[in-house]
Amino acid sequence: MITYTDHKDFAPAALLPLFEQAPWAHGRTVIETAEMLRQTDLFITAWDDNRVIGCGRVLTDYVYRASIWDVIVDAAYQGQDVGTEIMHRILNHPALHRVELFWLCTRDKHAFYENLGFSAKEQTGMVWDRRQRPASSRDE
Ligand SMILES: CC(C)(COP(=O)(O)OP(=O)(O)OC[C@H]1O[C@@H](n2cnc3c(N)ncnc32)[C@H](O)[C@@H]1OP(=O)(O)O)[C@@H](O)C(=O)NCCC(=O)NCCS
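One point on numbering: in the working numbering, the residue at position 17 of the sequence shown is 315, and numbering is uninterrupted.
Structure follows, in structure tokens:
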């Protein structure tokens, strides 16, 4: 049976196999993942027994804005509503009930998010990527 939790008291290394399946999260380390987990406002994980098979996380001010990141379902469990359940648990989480606007980026999963009520009408995002900067600005 698949279970879901918003508790963060698990070993951060449990997330790494999932991260390896997502192009943007590939190569993340245990140390940085532990820090990320600690600093993330809401982290939902889906579990099959003692294995993490899905996740999604939120950074927020709890009032006006929340951004959703790292929504990933293990390939062996995709198409079984795990991603939808993670998203519902984010959008309906009691701690976020006041949040006015949830924001996320996606390259190719528009249909998945449109099913959940997201709209791509306002294409206003821009990004500053430290990894694309000269080495000098990375060290600052
Ligand atoms: C996108 C992702 C999280 C969806 O999770 P999932 O558990 O497979 O999705 P669900 O089973 O809850 O699917 C819900 C609906 O979305 C649709 N859907 C799922 N993945 C989709 C995809 N890749 N493209 C289009 N629609 C998709 C399903 O067909 C389903 O629609 P239906 O209810 O009308 O049949 C999962 O495919 C994944 O982890 N992909 C790799 C990582 C990724 O790209 N994450 C998104 C980052 S923005």
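Just so it is clear, CB atoms sit at the ideal spot from N, CA and C, and this is done for glycine as well.
Y362 (DSSP reduced to helix, strand or coil): Three-state DSSP puts Y362 in coil, outside helix and strand.
Boundaries (first-last residue) of the alpha helix (DSSP H) holding F317: DSSP places F317 in the uninterrupted alpha helix (DSSP H) bounded by L314 to F317.
Endpoints, the alpha helix (DSSP H) within which F410 is located: That run of the alpha helix (DSSP H) goes H408 to N413.
Nearest residue (CA-CA) to G377, options A332, L399 and G352: The shortest CA-to-CA distance from G377 to any of A332, L399 and G352 is the one to G352.
Beta-carbon separation (whole angstroms), V361 vs V371, contact threshold 8 Å: Contact between V361 and V371 fails: their C-beta atoms lie close to 29 Å from each other, not under 8 Å.
Unbroken beta strand (DSSP E) run spanning L399, endpoints: Element bounds for L399: L399 to W401.
Within 9 Å, strictly: CB atoms of L357 and T338: Yes, the pair counts as a contact, with Cβ atoms nearer than the cut-off.
Under 9 Å between C-beta atoms of F400 and A364: In contact: F400 and A364 (Cβ atoms closer than 9 Å).
Between the CA atoms of I300 and E438 - distance to the nearest angstrom: Note that E438 has pLDDT 47, beneath the 50 cutoff, so the model's placement of it is unreliable and the number below is only indicative. Their Cα atoms are separated by approximately 44 Å.
Near ligand 1: V369 beta-carbon under 8 Å from a heavy atom: Remark: the C-beta of V369 is in contact range of ligand 1, defined as less than 8 Å to any heavy atom.
For A344, the three-state DSSP class (helix, strand or coil): In the structure shown, A344 adopts extended strand secondary structure according to DSSP, grouped into three states.
Heavy atom of ligand 1 within 8 Å of V380 beta-carbon: True, at least one ligand heavy atom lies under 8 Å from that Cβ.
Beta-ladder partner(s) of I370, from DSSP: According to DSSP, which records beta bridges pairwise, I370 is partnered with C353.
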